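Participant:
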Amino acid sequence: MPTAPAGTIENVDIARVFGAVADLLELDRANPFRVRAYRSAARTVETLNASCDTLVRTDPKALERYPGIGKDLAGKIAEIVQTGELALLRELTTKLPEGLVEIVRIPGLGPKRARQIFDSLGVGSVDELEQAARAGRLRTLPGLGVTTEGRILKAIADRRAAGTRVKLAEAEAYVLPLLEYLRQAPGAKAVDVAGSYRRRCETVGDVDVLVATARPAEVAGRFLSYPQVKDVLAGGDTKCSVVLRSGLQVDLRIVPEKSFGAALHYFTGSKAHNIAIRTLGVQRGLKINEYGVFRGARRVTGKTEVEVFKAVGLPWIPPELREHRGEIDAARDGRLPALVGLEQIRGDLQMHSTYTDGKNTVAEMAAACRARGYAYMAMTDHTKAVRVAGGLDRDGFLEQFAEIDRVQKTLPGIRILKGAEVDILTDGSLDLDDATLTELDVVVASVHANLTLGRTEMTQRIVRALQHPRVQILGHPTSRILGKRPGFAVDMEAVIRVAREEGVLLEINAHPNRLDLNDVHIAMARETGVKLVISTDSHRVDELASMRYGVDQARRGWCQPDDIANTRPWTALEKLLR
DNA sequence: GCCGTTTTCGGCCCGACTGTTTTCAGTCG
116 MPTAPAGTIE
126 NVDIARVFGA
136 VADLLELDRA
146 NPFRVRAYRS
156 AARTVETLNA
166 SCDTLVRTDP
176 KALERYPGIG
186 KDLAGKIAEI
196 VQTGELALLR
206 ELTTKLPEGL
216 VEIVRIPGLG
226 PKRARQIFDS
236 LGVGSVDELE
246 QAARAGRLRT
256 LPGLGVTTEG
266 RILKAIADRR
276 AAGTRVKLAE
286 AEAYVLPLLE
296 YLRQAPGAKA
306 VDVAGSYRRR
316 CETVGDVDVL
326 VATARPAEVA
336 GRFLSYPQVK
346 DVLAGGDTKC
356 SVVLRSGLQV
366 DLRIVPEKSF
376 GAALHYFTGS
386 KAHNIAIRTL
396 GVQRGLKINE
406 YGVFRGARRV
416 TGKTEVEVFK
426 AVGLPWIPPE
436 LREHRGEIDA
446 ARDGRLPALV
456 GLEQIRGDLQ
466 MHSTYTDGKN
476 TVAEMAAACR
486 ARGYAYMAMT
496 DHTKAVRVAG
506 GLDRDGFLEQ
516 FAEIDRVQKT
526 LPGIRILKGA
536 EVDILTDGSL
546 DLDDATLTEL
556 DVVVASVHAN
566 LTLGRTEMTQ
576 RIVRALQHPR
586 VQILGHPTSR
596 ILGKRPGFAV
606 DMEAVIRVAR
616 EEGVLLEINA
626 HPNRLDLNDV
636 HIAMARETGV
646 KLVISTDSHR
656 VDELASMRYG
666 VDQARRGWCQ
676 PDDIANTRPW
686 TALEKLLR
């Protein structure tokens, strides 16, 4: 049996295999609960705060302690870690074309229809599906008509035109005006957003808006006539679904006022969280749906979310935690974290000025930080290796130090820290001399170039940088750009371990295009005892407001104020920075 | 495939909308 080298299988790789198995099993008309088991295991593995690879090699039994992973799936995880593949997946892919999986992702088509189309027409890819629809062959199948054929063609075209998921900040720009518009609907008692948007996921697939009203038809009518609506996908009195001109899909749910809490809970999700809560309900003889909590035909409660949680014996759980990653157990045991909030942030430790690629001067950035109520801020311009940004050498920094001293005199009430975002060169050395590094208050070290290095080399590169005695913070630790490039390959478990040993803080980069670290790595760092900082990496004053997205991300990683170093006053933070 | 205060079998969350169906299956969230 071929054995993969240690530490090369990431949890996401295993999750991807399980997800593919689930997709194909579903197409193979397997037991739906077996399919669910693979999906659930994929999610569990992907969000595990420990590496499956390491567990398999050290304590394989431990895998079975995680929810949804039994003897069989633990064995399959071991198989993937040890051989780099899964025999079951290989069998399934020889049986069914991989293109079928893409067909299932087309809105309106599910596994049953996809399989029916494959079996009767031999259609096994999206391209073939499009040809069959154009030729009018789909309408010959039982249960499919001309309308469906047209919808499928449109869905294929839409998929090509629009991207898939939208960044949270972008979605906000479309959603806030829509909420304002709906609040003016006659009879709208409460208007709120649920779904992944409310859970503050870094990207959202669509937006779920909830309205409480006694006049559903009028609210639905107003929604469907929103000027930004491009297409209406569904239009009932309790559910409407539209696509805005921006391409963003918005689902509207309309409920009576007394059901608002139950509906808000249900539509906030996540799906896995909801299933777990409803299962708790079933154990107590309760039925929970979007209209309330029921015992038999009698409605027990449901006006507020607090009541819904209380009905299953739990305190209210913040939306950011509702991913079925242990929040229900924590709630039951009174172990829910007191999550960090934006108001607790006392300073911003990464930003740029006109000295490099920033658009505002040191004085402007400092004044804006003071206006935000911060006690301190770090000016962290680039070093010279980052040529596109016009990075500074020692002389450049000395010039900036003098400017900071001048600005500081005119701007009491905020401490302006002298910092740098030092480039980590390919060999892991730093792009600034030790003398200058020693004069800085805050040293952030980040990778900017040569992102395609192999996993082992990249890990060594970052570990070496962390071991430099002057490095205090690792900036945007994976250098991902949402929707554009994934983070580079790196053994994050090793990076976190070394950060812990060296006393280096990890940055949660709050820029809405980065949000780097992600929630899972944040949780991993926190559980390892590594402190984090939330920084905006602002290049202009208005970007300082991105801090809240970084706080959202930290909350999704279960961070309390103590986990976030920049909730501390400067004197306490200074002690934490080695 | 998982799970257990209904424990090793027999369950597994729940409802709305659509299209094509004369009563419901498929899809979605």
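The numbers in my numbering rise by one with no breaks, and the one at position 409 of the first sequence is 524.
We put the CB at the ideal spot given by N, CA and C, even for glycine.
Predicted model only: the values in this text are computed from it and were never measured.
Identify every residue that forms a DSSP beta bridge with Ala580.
Facilitator: Note: Ala580 sits in no beta bridge, so no partner.
Participant: Hey, could you find the ends of the beta strand (DSSP E) Cys316 is sitting in?
Facilitator: No beta strand (DSSP E) contains Cys316, which DSSP labels as neither H nor E.
Participant: So which of Gly251, Pro212, Ile649 has the shortest CA-CA distance to Met466?
Facilitator: Ile649
Participant: Can you find the residues in the same chain that come closer than 7 Å, C-beta to C-beta, to Gly214, ignoring five residues on each side of it along the sequence?
Facilitator: Gly239, Ser240, Val241
Participant: Evaluate the contact criterion for the region 391-406 versus the region 366-379: three or more CB pairs, one atom per stretch, below 8 Å.
Facilitator: yes
Participant: Look up Ser661 in the DSSP assignment and say whether it is helix, strand or coil.
Facilitator: helix
Participant: Tell whether a beta-carbon distance below 8 Å holds between Glu422 and Ile432.
Facilitator: no
Participant: Are the CB atoms of Ala504 and Leu464 nearer to each other than 8 Å?
Facilitator: Result no, Cβ atoms of Ala504 and Leu464 do not sit closer than 8 Å.
Participant: Quick one: grab the DSSP three-state call for Cys484.
Facilitator: helix
Participant: Can you tell me which of Thr551, Ala130, Asp143, Ala165 puts its alpha carbon nearest to the alpha carbon of Ala156?
Facilitator: Ala130
Participant: Measuring CB to CB, does Glu317 end up less than 8 Å from Ala387?
Facilitator: When the beta-carbon positions are compared, Glu317 and Ala387 stay at least 8 Å from each other.
Participant: Near Leu359, what residues of its chain come up, given a Cβ to Cβ distance below 7 Å and the 5 sequence neighbours on each side ignored?
Facilitator: Tyr289, Gln343, Val344, Lys345, Val365
Participant: Whole angstroms is fine: what's the gap from Glu179's alpha carbon to Asp538's?
Facilitator: 42 Å
Participant: Quick one: is Ala517 buried, meaning 16 or more other Cβ sit within 10 Å of its Cβ, or exposed?
Facilitator: exposed
Participant: Report the rounded CA-to-CA distance for Cys484 versus Ala309, giving the unit in angstroms.
Facilitator: 31 Å
Participant: What does a CB cutoff of less than 8 Å around Leu256 pick up in its chain, not counting 5 residues either side in sequence?
Facilitator: Gln231, Ile232, Ser235, Leu236
Participant: Could you give the residue range of the alpha helix (DSSP H) that holds Cys355?
Facilitator: Segment 354-359 is the beta strand (DSSP E) holding Cys355; no alpha helix (DSSP H) there.
Participant: Ile221: which of Ile577, Ala270, Val319, Gly258 sits nearest, CA to CA?
Facilitator: Comparing Cα-Cα distances from Ile221 to each of Ile577, Ala270, Val319, Gly258, the minimum goes to Ala270.
Participant: Looking only at DSSP bridge pairs, what is Arg600 linked to?
Facilitator: DSSP lists Ile596 as the beta-bridge partner residues of Arg600.
Participant: At the level of alpha carbons, what is the spacing between Leu552 and Asp508?
Facilitator: 11 Å
Participant: Near Arg410, which residues of its chain fall below 7 Å by C-beta distance, leaving aside the five closest residues on each side in sequence?
Facilitator: Gly400, Leu401
Participant: Using DSSP with H/G/I as helix, E/B as strand and the rest coil, what is Asp678?
Facilitator: In the displayed model, Asp678 falls within a helix according to three-state DSSP.
Participant: Quick check: the region 629-639 against the region 158-165, are at least 3 beta-carbon pairs closer than 8 Å?
Facilitator: yes
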